[in-house]
Structures are given as C-alpha cells and as structure tokens.
Amino acid sequence: MQTLAWLVLILPLAGSLVSALGFRALVRVSPRLPGVVGTVAIAGAFACSIGLLVKLQDLPADGRQVVFSAWDYVVTGGVDARLSILVDPLSVFMALVVTGVSMLIHLYSTTYLLSDRGYARFFSYLNFFVFSMLVLVLAGNFVILVAGWAFVGAASYLLISFWYRRTTATSAGIKAFVINVVGDVGIVLGTYFIFRHSHTLDFLGTFSQADKLPQGSLTAGLILLLVGAFAKSAQIPLHTWLPDAMEGPTPVSALIHAATMVTAGVYLIARMWPLFEQAPGAADVGSAIGLVTLLVAGTIGLVVTDLKRVIAYSTMSQIGYMIMAVSSGVYVGGLFHLMTHAFFKALLFMAAGSIIGAMAGEQSLDRMGGFRRAMPFTFLCFVVGGLCLAGIPPFSGFFSKDEILSFLGDRGGWYWALYAGGYVGALLTAVYTWRMIFRAFFGEPVPEAAELERGHLHHAEVHVNPANGEVEDTDVGFPGPDHHIAERSLPMKVAMGLLAIAATVGGVLQIPFGATDAVDRFLAPTFAGSRMFEGVHPSDGLTLAGMVLGAAIGLLGIAIAYHVWVRRPGTSAAIQARFAGLHRLFVNKWYFDEAIDALLVRPAAWLGRFFAQTFERLVVDGTLVGGTTGVISAASATVRRLQSGFVRAYAALLLVGLVAVSLYFLLQT
Amino acid sequence: MILAAAKLHGPHIDWAALSPIVALLGGAVVALLVGLFRGRAARQVAVPLLSISAFGAAAGLSIWQWSADHDIIAGALRADELAMAINLILCAAGAATVLLSWRSVAPREAAHGEYHALVLTAAAGMAVLVGAQSLVTVFLGYELLSIPLYVLCATEMRRAGSLESGLKYLIVGSVGSATLLYGLAMLYGATGSTDFAAVAAALQAGDLLHDPLLLTGIALALVGIAFKASVAPFHQWTPDVYEGAPTPVTAFMAVATKAAAIGIGLRFFDVALIGAQPDWAPIMAVLAAVTIVVGNVGALGQSSLKRLLAYSGVAQAGYLLGGIVVSSKLGLEAAVFYLVAYLLMNLAAFAVVVARERETAFGDDIASVEGIGRSRPLLAWPMTLAMFGLAGIPATAGFVGKVYLIEALVDGDYTWLGVMIVIGSMISLGYYLKVVAAVWMRPAPEAAGGRPALAGAALDAPEDELPGPRPGGLEVTALAVAFGAGTLVLGVWPTPLFDLARHVGRSLGVL
Amino acid sequence: MSAVLFFIAGLGAVAGALGVVFLRNAFYSVLALVCHLLSLAALFLLLDAQFVAAAQVIVYAGAVMVLYVFVVSYVSDASAAMPVGGVGRTTGYLFAVALAAELMIAMLGSGLKAIDSRGAHFAAGFGGPGQIGELLLTKFLFAFEAASFLLLMAAVGAVVLARRRGGVVEEPGRPVLSVMDLIREDNLGSMAEAVNAGHGGER
Amino acid sequence: MDIGWYLAVSAIVFAIGAGGVLTRRNPLVTLLCLELMLNAANLALIAFSRMHGNGDGQVFAIIVMVVAACEVTVGLGVIVAMHRRRLPIDVDELRELHG
Amino acid sequence: MTVHLSILLALPAAGGALGALAGGRAARWWGLAGSLLALAYAIVALVRFHAGDGQQFMTDDMWISAIGVHWKLAIDGLNLGLVVLSTGIFSACTLWATSHDWDNPGLFYFWLGLAHSSVLGALLAQDLLVFVIFFDLMLVPFLFLAGIWSPTPRADRIRAILKLFVYTLVGSLLMLAAAIATAVLNARGGNAISFAFSDLSGTALSKGSQEWIFLFFAAAFLIKMPAFPFHGWMPDGYVNMPMPVVAVFSAVLSKVAAYGFLQIALPLFPQGSQHFQMLLLLIGLASILYGSAMAFTTTNTRLVLGYSSMAQLGFIVLGIFSLDARGAQGALLQAFNHGLVVAPAFFLVALAAARSGGSEDLRDMGGIAFRAPLMATVFLIVALANLAMPGTSNFAGEFLILLGVFKAKIAIALIASVGVVLASAYSLRLLIRAMHNRVGPKVASHEISLRDGLVAVPLVLAIVAIALYPQFALHRSEPAVDGSLSTLPVAVAEAGR
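Chains as they are written, first to last, in our numbering: chain A, 33 to 701; chain B, 42 to 552; chain C, 2 to 204; chain D, 17 to 115; chain E, 570 to 1066.
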C-alpha cells in the first residue's frame, strides 16, 4: 500500500522529468512519444490510485486513515513537518478524480497539441501539474499541503503562460500566480494561527485536538485558510485570474481550470472539517462567499462572448456551489458535485476545444454558429455537458447539485437563503449554458462551419492572438499551426466519449432515497465523528421537492435560452438595451478587475515608482548619503578655506587655540 | 673665584647612554667637513654614505643601550626604552630620508655636506627632545630640531614654494616655540625647578594643582608640543610646509618630527605632569578629536599628494594623542606601536611620491600616480599598502596599531575618543581610497610636457640644470618596497612590534 | 628707588615693544626693539641678574641688532614702509588683549605667596658670572653644549640660505655669471664657496 | 618691587609680540615681534629665578638668548634668500601654498 | 586541534597568488584550482561534521598575545552551511570567470582568491577580532575587482566605487570599535584580555554598554547586507562590478552579515538585541517592502536582483530578530538558500544580457527562452526558488522565519507576508521580461554552452536537493542556533518557566 501510494506521486513526476530532460531524444524517436509517455505515466498513477482504493477498502473502517512518512522535511524547534502523505478515503477519492480526468485529458492532448512546438514541454508541465495536485490531495501535514498548493499554482502559471510569446498569456500567468500566492500566504498564516495552539503541523494530530483550540485563533486561522481556498478556487474577490487563465491551451483549461485544481479549495475545506465545525463563524464566511460567487459568476456568464470564458465563469459558479456545500457541512454533496463537475466540465472544455480547432483558434461566440451538422460528435458532447450543467435528470449534475441544495434546505435557518440562491443560480446556469450551445451550434453555419461541412478544416492565413488580435510569430511554432477537432482525431474522440459516458451515468453512484450511496459510504471514515455528516439528513419530501424544482428550473432555463437565441434572435439585443446598466455591469464583470486595479495594483505601482524615482533619490541617496557627505564636504571646504595661505591667519588661529586652551585650564582652578 | 672653579666637579657623563646622540652630532660634523671636498664622489656619494652610517651607528648604539634606564648628565636627559625606541624610529626615518635625497634636487641646491649635516642635527635634536628630562632640555631639543628643519624646508630655492614654506614654518614655528617657552617658564615659576622629577614631585605635593600659574603653564606647553605634533588648531603650518618643502624633507618631517613630538608628549605629560592628568587629559582628548576631524576632512579634495599626506599626518597625530591622553602603560605602548606603523606607511608613500616626481611631469599631483598599477607595480603595491595602512584596513600595521590605540582608549575610559578614531578613519577612506583608485583604476595620463614641472623653476635656467624625467632610482623603489612589505608583514605578524612596544611600556616608571 | 627704576624700565620695555609693532618703518622698529632690549636689561639688573643683563646688552642689543640693521637696509627697497596688516588687524589686537588678560590672570591670580614678595633670599654671587658659569658647567652642561651646536647649525643654515648661487635671479636682466662660474663646478654651493675658501679669488 | 610686577610686564610684552605677529606684514618686523615674545619669556624666567632664588631660570634665559639669535639668523637668511629670488618681502604675498 | 581550517582558508588565496605569479592564461586555472580545492575541503568537512558535537575541526593558536587575539577557527552548526555555500559559489563564479578574458588575469584571480579566503576567514573565525579583520578585509578585493574590471566606463565608475567602499567600510569600522570595547569591557575584573568568542560572554557587559555596542555591530551588518535605509551604496556597487563578482558579492558577502548577527550580536549582546528587537524588526520589514517595490520597478536586471536580495535579507533580519529558535533557524537556512539562488540568478542574467546585445536592461530583453529551452528551465527553477515557492528550501526558510516572527510580533508577520506576494511578482516579472514575451529588438538567442552548464547545473541541482531535504541543513544547525539564542533574556526566561 505504501508503495502504491508513493507510486501515485512518483509516476507523474517521473513522466514530467522524462519529458523535460529527454525531450530531444523522445522527439527524435517519434514526435508523439512525449504525449504517450505523459499519458502512460498518468494512466499508471490512475491504476495505482485504483489499487490504493482497493487496498483501503480492505482495511477496517476506523483504520482507513494511514500516514506514510518518507523523511524529515523541516523538523526543528517544535516544527514537525515530515515528508508525509495521508491516505484516507477523501484523498484517494480526490486522487482518483484527478488521475482519471487527467488521463483522459492527456489522451486528448496527444493530438490536440500535436503540431505545437512545445509538445514535450506541454506534457512535462501537465504531468508536473498532476504530480502537484496529487501532492496537494495526499499531503499529510500543512507544510506539504502548502507545497502541493503552490506547485499546482506554479504548474497552472506555466500552463497559462504556455504560449509565452503572447504578452496576454504571460500577463494572465503572472496574475494567476500572484493571486495564488496570496492564497498560499493565507494558508501559511492560517497554519500559524492553528499551529500556535496545536503545536503540530500534522493533520491528524491537529484534528484530534480541534475542540481544544481557542475559538478566536481558530476562526482567524480558518478564515486565512479560506483565503487560500478562495484564491485557488476562484472565489470572489480572488477570482479575477480564472477568466484570464483561459489564455492557456484548452486542455489546460479543461484539466486545471475546470476539473481539478480549482476544486482544491473545496478539498481543503472538506479536509479541514473538524476545524470548521469548531468554528462556525469561519464556515459561514465560506458559505456566503460561495453563494455570492455562484450568483455573480452566473450573471457574467450570461453576457460573455468568449466561448472558453463562458465555461470559465460557469466553473466559478459551480465551484461556488461546492464551496457553499462543504462550508455548510454538506461534505459528500460537495465532493460528489466536485466529481461530476470534473467530468462534465472537462467534457465541455474539450468540446469547446474542438470547436476552437474548427475555428482555427477563434474563440468568440459572435463569430460562431451552425456547427451542429459539421461537428456532430462535438455537438453531442456539448449537449451532454450542457444537460449535466443545467441539472436535467438523469444526468450526473442533476443528482449532485440536488443533493447539495436539499441538504442546505434541511439545515434551515439562514441556509434557506443559500438554498434559494442555489436555485436562482441553477436557472442562470441553464440559461448561459444553453445560450452557448445555441449560439455555437444553431443558426446559420458560419463560413468555417460551412467549410468543414464540405470536408475541409479551416486554416487561418495569418495567425493572430485571439485575445488582442496581435499577429503571432509563425516561426515560433506555438500555438501550433495546425488545429485538431474531435471528429478527426481518435484520441480526442475516445477521451471525450469516455467523459461523456461518465458525465451521463456518474449520478448512479449517489441516487437519493437510499437507492445508491457509494460516495457516502466510501467517504464515511474520513468524516466519522462529524455532526453535519452524521446528523443532517434531508427528509424525503424535501428531497423530492428539490428534485422536481431542480429539473423544472433546468428545463425552464433551456427554454428561455432557446427562446432568446434561437426562436427570437433579436431578443437578446432588446434585453441588453432594456437593462443597459445591468448589462454593462455584467459585461465589465462587476468591475472587479477595475476595483482591484484601483485599490491595490495602482497604489502599489505608484508606491514603487515613488520609491524608485523620488524616495531613493531624495532620501536614501540625497539625505542619508548626500547629507553625510554634504556635511563632510562642507567641513572639508571650511578647513580648506581656513587654510588660506596667510601665515598671519595661521598664527591667529594658533593664538585662538592657545587662548581657548588656556581658558579651559583657567576654568579648572 | 678661581679656587671655587678649580673645585668644580663636572657631572658624570655616561658616554654610553649618550652615544646615539653623539653619533648623530658627530656624523653631522663629519658630513659637513667631507662636504668641503671638491670631488664629486666625495660630496655626492661619501656624504650620504656617511650620513647613513651615522644613522646606522646611532640605531646600533640605541639597541646597545636598549635596557638603559637612568638619567644622564645631571638629569638633563634620560636614557630609557622610550628614548631608544624613538631613536630607532628617527634613525630609520633619517636613513630613509638620506636615501630619498640621494639624487634629489635639494641636497644639490643646499650642498650635500650642509644638507646632510642639517638632517643629522635635526635628528639629534629630536633624540634630545625625546630624552629630555628637564625643561631646559625640552626647549633646546625643540629648537635643535626646528632650526635645521626651517633651513631644510627652504633648500630648494629655485622654487618659490620652498622658500615660502621655510619662512612660514619659521614664523609660525617660532610663535609655537615662544609659546612653549613661556609655558615652560611658568612651570618653572610654579614649581621652582626645571627637572621633570622635581616638577612631578611639586605636583605630587598637591596644593599646586589648582594654581592658575601652573595650569596656564601646562596649557602653553601643551600648545607648544601640540604644535610640533600638528595638532589642530595648531596644525595650519603643516599642509603648506609639507607641500612646499623638498619631498625627502617632508618625509622626514612627517615621520620623525611627529615621533619626537609624541615622544616628548608622552614623557612630559606622563612623567612630569602626571599629577595634573585630570586637568589636561580632557582638553587633550578634545584636541585629539578636533584634530582627527580637521585632518581628515582637510585631506578630502586635495590633489597634491604631499598635501594630502600632510593632512593625513594631522589626523594621525590626533590618533596618537589618544595614547598620551589615557596616561597608561597601554597607551604608551599603543602610541609607540603606532609610531612605528606610521613610519612604515608614510615612508612607503613618500618614497613613491619621490619616485613619481622624478618620473613624471606632474610633480606631487595625484595624477603622477595614475595608472601605475599596470606600469609600475613595484611602486603601486607599496602605495596601496601604505594607503590601506593609514586608513586602517586589516592586514596592515596601521590596522593593528589602531586596534591597540582604541583598546588603550577604551581601557582608559575614553571610549568616545576611540569612536572618534573610527569615525576619522571612515572619513579618511574618502581620500586614501582615492589614491588607490588613481593607482589602479585610472589610466596613465598623457604626459603633460617633457619635464617635471617643479613649481616656480626659473624658466631661463640652463637646460641641463633642470632635471628632466628620469628614473625614480633603484634605492627609492627598494625603499618603497621594503616599507610597504613591512606594513604588510607587521600587519599579519605584529608580535615582534608588540614585544618592542611592551619593552617601552616598562620605561616611564610613573605609569 | 627700585620702584622708580622699575617703572622707568618697565615703561621703556613696553613702549619699545609697542614701537616695534606700531612703527611703520622696519628700521624704526629695529631701533624700538633696541630700546626695549635695553630697558629689559635694566629690569634684569633690578632682578639681580647681572650676567644676563650684560649678555643681553652685548649679544642682543649689540650683535643681533646689528645684523638686523644690515638686513633691513639690504632688503629695504622691497620692504620700506610696508603698511601694518590691514586684514584682521582689529581681531589681531583683540586676541593679543585676550592673551594678555589670560596671562595676567595666570600670573597674578596664582596662589603662590612668593609672587607677592620681592623674591627669596639668595646666596651671595647670585646672578653673577660665577654662579652662571658653574651652573652651565654642571647642571646645565648638556644644554650648554647643545646650544653651542645649535649656534653652529644656525650659522650653517644661514650660509646655505643666504649664499649666492647660479640660476637664481639676482638682478633683473642680469644673470649672475663671473669667471669663477667657469672654474668651479656648478652648484657647488658649499660653505667653502660662501667664504671663498680654497679659491681665494674675488668674485 | 614685587615679582608680580615684573611678571605683568612680561605678560604684556608677550601679548604685544603676539599681536605684532598677527598684524605686521613685513617678515622682518614679524621676526622682531618673535624676539619680543622670547624676551618676554626671558623676563618671566629671570623674575621666577629671582622669586625662587635659584639660578636655573637665568641659565635658561641665556640659552633662550642663544636660541633667539639662531632663529633670527635663519630667519634673516630666508628673507635674504627671498630677496635674491626677487620674491616679495611681504608675508601676505606668500600664498602660493594654501588650501 | 587541527590545521585543516587554516589550510582551507589559505587555499583560495594561495591559488590566486600562484595564478598572479604565473600570469597570463595559466592564471585562471590556478585560481580555479584554489577554489575547487577549497570546495572539496569544505565538502569533506560537511561529510565529517557531526551535528550536536559543537565546534569541530578547531584550530586554536595565539596570534597576537599582547591584545589577546587568537587564531581560532572552527566549524559549528552556524557556519557549516555558509562555508560550503561560499566555497561552492566562489568555485562556480571562478569557473564562470574563466570563460572571460580579463585584462591582467593574474591580478584578477589573485583578488578573487583573496576575497574567497577573506570570506572563509570571517565565517570560520572564532575570535572577535579575527572576524572583524576578515569582515573588513573581504571588501578590499572587491574594490579592485570592481574598480579595474568594471564593465562601466572608467569615468563614471570611480566615484561610485569609492562611495560603495567608503559606505560599506564605515560600518565595519564602527564594528571594530565595538569589538574592541567588548573585549576590553569583558576583561574588566582581572581577566586577561581576549577576543576569543569562548572567553567573551554576554553577561559581562552592562546593559548600557551592550546597547551601544550592539548598535555598532548592527550598523555594520545592516550596511553590508544591505538593509533599508542603508542600501545607498547598493545600486552603484552592483552596477559597477563585473558580473561574476557581483554574483559572489550578493550571494556570499551579505550572508556573512546575517551570520554575524547570529554568531556575535545575539550571544554577546543579548540585552542589546532584546532592547532593539523592534527597531531591527522594523528595519527588516522596511527592507522587505522597499526592496520588493524597487525590484518591481527597476528595469536594470542587476538591480532587480539587488533589490530582491535586499528584500530577502529583510526576511533574514526578521527571522533573526524574532529572537526565536525557529526564526533564527529559518534565517540561517534562508541565508544559505538565498546565496544558492542569487548566484545562478546573476549568472542567468549575464547569459541573458549576452543574448540581448549586451544590454542588461529588461526592456531590451525578451523571448530568449525559445532558442534556449535548457536555459529557460534553469531560469524558471531559479526564479521559483527566488520567490520562495513552497516546496523549495527557500520556502522552508521563510516559513520558519515568519513562524518565529509570528510568535514574537503577529502584526509584523502579517505585514511581512505581503513581501512574499511581492516576491512572486518581481521574480516572475524578471523571468517573463527576460525569457518570455516577444523577442527583443537586439536579441539573438542560443542555448547555453557546456561550460555555462557546468556553472549553472550544479547550483541548480543543489537548489533542488536542498529543496527536497532542507532538514539536512536544519539538523546540523539546530544545536548551534539554540546555543546562540541561549543567553537572550527571553530564552533564559523561557527555560526557567
């Protein structure tokens, strides 16, 4: 078991290193080899995760939290950070999701990025990401958690900036990285607050004394941990990096910015449940932010025209659900939704990638339309994903979202607000999801679609950066000159097909009314002892009402979208004109970027300039150095002026000194 | 009367203990006489050789008399380790001066015999001053060193600057000696005796300690001695005289005069006036601090190396004064140690200045040493070591000396003065490093004209009388290298010098 | 009687000193100094220092002042009637007054009883040549010898400084050249030259 | 007369000499002023000698006279040399060296 | 009693001196051999070091008996890592320098070797005056290295270089006075004067003396680091040194200052340290924020690294003056890490500059990564380590530092954490603007050569290795750090509790 656990980590790392160091040799053998290596490495990790699952199930239920330590990492002065991993149902669950989805996305990428000059680099990064994510989920103490946390941030940065010749990509990367570092710092500081009283960094050690920790420190520490979670999971107000992160290649968006990394915050809160249950104040903060995010992101999703960004805002919104869920004690619901969301959101992104391939890199919904016939497989995948997202039974998203909301409803009190908000969000979700589908696949085929229908994949004459229209240097070779679509690429098709199946049937793991509760049972050892996990069970009536309401809202949303964008194509413009203020607010993403810019970035930049241009010159150089040297040179000038050359003046000074010295002595009498 | 005279018994003369001074004075007479010979060789070779032998003999005799510790010639002088140690410094400085003068202009202008006789007499005067054990001897030693130096300063008569420096030194120096004399007179008046021992005994009696006559006497004597040591504000003659005087003479003044002045300072204040230490130490410390500041800031922005070294010498005098202020064994040792270090560093620097004065047309301007790091490493290294040593960079004798001085000051509860030394050293980096930068980091300048621009040289003088650029001379380079190496070696392995200083520390019995 | 003499001599000394400082012609200054020196000699006599008084008159007023007069007349064309220093004149006097005040305080404020007396009793022969000679040959033997050497060196120095030499301009437009310049080596510049020893010839 | 009176004269003469050095530009007169200062010291020495009744002061005074003569000799020598060199006989003109 | 450390100390200087005698092309190999031998020696010492055995490989002779100066060298937990670091960095930078033809190479390698020896001397010294001597002396070679072989035009640089050296020596001189005062005041009461650390104790000095002496030492160390606002020399200095030289300067010399706090200031002046704790913490904090802001603003790559070092050293100051074992451990670890990171950073910046027409300005760079993937990888690792990404040893150091500060003064820790965020911003800015984005106008990129790889790769491997196992360093330094904090009033109070 220990070997398997470490193999889960080592295989992706090995894959990454092999691609990174041996890329020249690999490419010489076959241009596809780096992709194959990467995919096989992840597949191996996936297999090991399954093995881990099996082994874990063999253990008695109360022994399913196992810690393995490799060596002392930082052990000094009471700090006890070892290189240790925690294997328990929750981590194995996460590992399975991560490796499983990653495997498919690796497979997808083997052709999607085939013509890219950074092919080997891409797989190296991608494997490194999987490694990092696994470190994150398997971490056995806070230090390793932070390490994994930051590694995924770095991997995310690398992949966002993958096409580093684009200034848009590099600035998006740095933005994502810096915001993620804010999160890292939050976690570190939160850890300090907890460590101050627990005197251990170990998870299990900390949890075992959760009830002994003072409330104030705990709440402060957990809120700081939440900052980390928000940063990674793109929750307001630390969400602005996620839409920009769409600068990365589409598989990256699918894997990192939809399926896995951004859900780390959810994982973190679920992992820290013993602490959150001791500090309800902190937990409520999480719930509230989750709700706000899900609504705000939904409204923005309604108006964004960039295909990938629509899905990105959708991701934000869905993670809002999860954060809201796990913060409110709906752990299994949140994690279940995490899994199903991973499936269908990855699917949606892959499908979007396929369309973008057909559009030769163009991502604007305004330029798309009528791909229904040209790309039937992609269309099918999109519809499956859309139905999951909208929460239409029996697709997986229906069950997971429903579980969250019914549990919230059961908790009562102010959680009713969350409950209601969740359904409002669901309506928004259905509308923007289907808006996207209708705009891309319905209507008159655009020239690219028509070209494809004629059997020819559109190829752009001049490569431009879709974000700013800048002409790309073609000699560089990334983004690659060729594009790939699922219809013509078996690996892509396989990956999408498998995901579509998973997204469709994933719900069977956890069907209400006791039909199935595989997830519940599997995760139970992790949440053993939780008041929420063991104490909150929605009544059947509430569950049923929720299911009906959810399905109805989903269908309503699809209907609205159909009405607005297919039946009456002019309606959209009319609504925009009617609610111009609101529209402007949504289009400008609630002005979060502008606010952060005005409140933080610009003052910081101004301060930097002030330091560099004024302070350094006037104070550091002028006053401190210049002042001292000034005094000394003034003294020097005085001495040299006194040294006038007049011998009588010398004698005079001598006599002055004489008189002064004598006076001193006379005063001694 | 005649009978009385017949009964008169002259004092016992301890020729052995007196021998270093006798050697110097005898050397002066012999040099003077040999200088009368017509032969070029006699004048240009024999006279310097004789002078060096006189210095060597005096040094040897000093070592011979090292462990002497008694008054000689009716209490006029004292032979002890302090006197002998300073004799050694004087002899080293004197011999170096003779070497530096070997092919210089000054001895030719003044005539070799007279020139060297004057140098030897000045050195003898210094030896007398350092050994002085009575007020009369102090004054005589003071004048015996001053008057030959007045003349030596003015020897390069073709340069107006030389004469100017001679006259300035004479006028200001005479004011200084008149002040000293008046102070000595008052001390005599207050104590009724000219002997140090008697003065000290009178102070010990106690009721004199707050007498204005005595205190003013101390003040005036302090000023007189401080004047010779170039202590601010009595330092103003120093830069002008150092710059104007012939460079070998400047080197001699810089090293030997300072050693003599500090030596008599130690003896006069720590033996004769030790009883009044609480009265004079604070003001002397203040003077030291003022000197450190004035010397160091004055040296900034100087372009003449001699002038720069003059101000630097002022600052160093301030450091050395610290050794007197604390009136302790440690202070005495530190001062002697520092004097030796100072000798090495300054002579190395002056040797380089002399060499470059001959080799370039820039005189003693800092431009003369620009770029010698590449072209003349044997001059560049000594200069660098000398500058580092004077600045107190580790691994030089100057550093160890400063450590010793500061240690003595902290030990004597004058920590603030120790900090002043440190602050002074900081300021001093500004100009010492400038020289180092010129040596290593600036390119050699384009020669400005073919001949050394000796300031004020008569333009109508025959061509062959004016020395053109010529080799600096092997002996000058050797001297620079030797003293530079000494600076380094004693910085790394200072124990021999410490042993010497500790011997000297035993000498002033009162401490 | 002695008081009267003291006042006459003291006033003479101070007046002579003032004369030195305030007379504009250097020649008169020298004469004022002679007056001062003679007054001082009188004061010495009043203090029972007969030998010193005599030496003062003979050596100082007699010999040194003669030298002065010669030099003053030698350089007089250049230095006649030079104004008293303009710059810092008042401050110069101020310093002098301050100095005088301090010295007076020191001298007269002294607690030594003896200052307010006419002096200690002394043995017969005090201040006479016998006593001075005895002291010079016993207690101050070294000082005596050293002083003699000092005189020698002063003489040497004066010769070094004041002798004529080639290359230094003597008169405008007239280089100093003589037959001797052809015979002797250039820049010999020794005392021998200064006294023309060994050559005997005229310049 | 009390010794104090002599000392007072000595102090005054010393100060006058010092003032002369500060104010006179003619180096010849400056030398004279220096003589004044030395003579003032001599007067003090002799007065003290009388006060203490020992001869040390008188011998000291004689030595001072020797020294004074030497200083004068050398000083005059320099002045003569300057005159030969056609340099101005004015201490205020001696300003080549400064700074 | 062994002579090994004296040999270690002498090796680089001896190599340099032989190089100077050999002159010409041979000089570089002599210089390199001296450095590498020292490195080998240091590694042997590292292997044979036993944590917890206190001072090891001790050399103890009387040097200057008159003033109680001992030639006493030893390796303990505090200096072990830094000795290895400095030999390693010097070796790497000497190797780097060999790829360049220096004017008058004999002299160049002589000074470089002397600098190496002086740094080792300061680190190994177990005698206060020996420490001060080497602390001062190690600047001297840089005066020449900067003055003679500076890349900037002669006319501009001398003033700047003099400013640099006067400024930095000012601090050292203050320290000299303070060191002497320490020994003299310790000797009060009949003891013979001695500068050996073992003969000096933190309790012999009165609180008043400790305070001023501490301030003098602190001034020396803070200037050398440099910390805000004593960094006035830094821009001039960094711009005017040849690249390999500025790399060692930044990587090694500033660490000696940090080491000095731990080895000298804290144990010998515990009350002084306690008294000025807040002041030093604020200075550290200001350095972090100011350095970060400047690093983010300037476009000169050297200065980006310079100000970034300033910020990093701010963290080190914070760690030390948390007066907490964890903070101090973190500071020591961070000192090692920063040295290990900043040297290759300078190297990479130099390589980047060589690829962008010699310009060291970020505005002239860009897009270098494409033709130089290996260099880009190395640059990436270095940049990530520089911003203390969790998982690197730099993070372990910062984690401990902030933990220590957190324990002492929560507010300072919270504000200081802003510095962590800023570090990510300026490090990535450097990486992106140099390596990524559009190709700069004068950029002609190519992969790094084998020799360049020999310089960079070992350093990067070391970064990775220490990232995987920081405990390696922490374990060895723990007893010594505890020892150096043991005299602090806080520690004493805590032990009593």
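Beta carbons: idealized from backbone N, C-alpha and C, even for Gly. Here the structure is a predicted model, which is why all the values come from computation and not from measurement.
| For the 8 Å Cβ check, are there 3 or more pairs between the stretch 161–178 of chain A and the stretch 292–307 of chain A? | yes
| Counting only beta-carbon atoms, is Leu695 (chain A) nearer than 8 Å to chain D? | no
| message | Please confirm whether Asp108 (chain D) has its beta-carbon closer than 8 Å to some beta-carbon of chain A. | response | yes
| Cutoff 6 Å; reference Gly578 (chain A); Cβ partners in own chain excluding five residues on either side | Asp434, Leu437, Ser438
| request: Please confirm whether any heavy atom of the ligand MN lies closer than 7 Å to the CB of Met944 (chain E). | output: As for the ligand MN, it is missing from this structure, which has no ligand bound.
| said: Between which two residues does the beta strand (DSSP E) holding Ile633 (chain E) run? | reply: 625–633
| message | Just to confirm the assignment, what range does the alpha helix (DSSP H) spanning Trp181 (chain A) have? | response | 174–192
| said: So, under 8 Å CB-CB, Ala684 (chain E) and Pro720 (chain E) are touching, yes? Tell me the CB distance rounded to an integer number of Å. | reply: With 8 Å as the limit, Ala684 (chain E) and Pro720 (chain E) do not qualify as a contact, their Cβ atoms being about 18 Å apart.
| query | Of the choices A:Ile343, A:Met356, A:Arg404, whose alpha-carbon is the least far from that of Leu380 (chain A)? | reply | A:Ile343
| said: I believe Glu1016 (chain E) touches Ala919 (chain E) by the beta-carbon criterion, under 8 Å. Please report the beta-carbon distance rounded to the nearest angstrom. | reply: Actually they are not in contact, since the Cβ atoms of Glu1016 (chain E) and Ala919 (chain E) sit about 15 Å apart, beyond 8 Å.
| Residue-level contact to chain D via CB, Trp195 (chain B), 8 Å cutoff | The residue asked about is misnamed: residue 195 (chain B) is Ala in this sequence, not Trp. Yes, Ala195 (chain B) counts as interfacial toward chain D.
| field | Nearest-angstrom Cα separation, counted from Glu197 (chain B) out to Ile212 (chain B) | value | 19 Å
| query | Are Thr372 (chain A) and Gly429 (chain A) closer than 8 Å when you measure CB to CB? | reply | yes
| Where Lys641 (chain E) sits in the DSSP three-state scheme | strand
| query | Which stretch, first to last residue, makes up the alpha helix (DSSP H) that contains Asp572 (chain A)? | reply | 572–593
| Beta-carbon proximity of Gly801 (chain E) to Val652 (chain A), cut-off 8 Å | yes
| Supposed contact pair Ser409 (chain B) and Glu398 (chain B) - C-beta distance, whole angstroms, cut 8 Å | 7 Å
| query | So, does the CB of Gly801 (chain E) fall closer than 8 Å to a CB anywhere in chain A? | reply | yes
| Nearest to Ile9 (chain C) (by Cα), restricted to the options C:Phe23, C:Ser30, C:Ala42 | C:Ala42
| query | Interface residues of chain A around Trp278 (chain B) at Cβ under 7 Å? | reply | Tyr682
| Comparing alpha-carbon positions, which option in B:Met482, B:Gly154, B:Asp121 lies nearest Ala87 (chain B)? | B:Gly154
| Name the DSSP beta bridge partners of Thr961 (chain E), please? | E:Pro959
| task | Check whether the Cβ atoms of Leu127 (chain A) and Leu91 (chain A) sit closer than 8 Å, and answer yes or no. | result | It should be noted that the sequence gives Ala, not Leu, for residue 127 (chain A). Taking 8 Å as the Cβ cut-off, Ala127 (chain A) and Leu91 (chain A) do not qualify as a contacting pair.
| task | List in chain order: all unbroken alpha helix (DSSP H) runs of 4+ residues lying wholly within the stretch 679–715 of chain E. | result | 697–706
| request: Can you pull the chain E residues whose beta carbon is under 8 Å from the beta carbon of Ala179 (chain A), in chain order? | output: Pro959, Gly960, Phe964
| Going by DSSP, which residues form a beta bridge with His111 (chain B)? | B:Ala120
| task | Could you work out which residues of chain E lie near Trp481 (chain B), taking near to mean beta carbons separated by less than 8 Å? | result | Phe713, Gly716, Ile717
| query | Whose CA, out of B:Gly217, B:Cys194, B:Leu208, lies closest to the CA of Tyr183 (chain B)? | reply | B:Gly217
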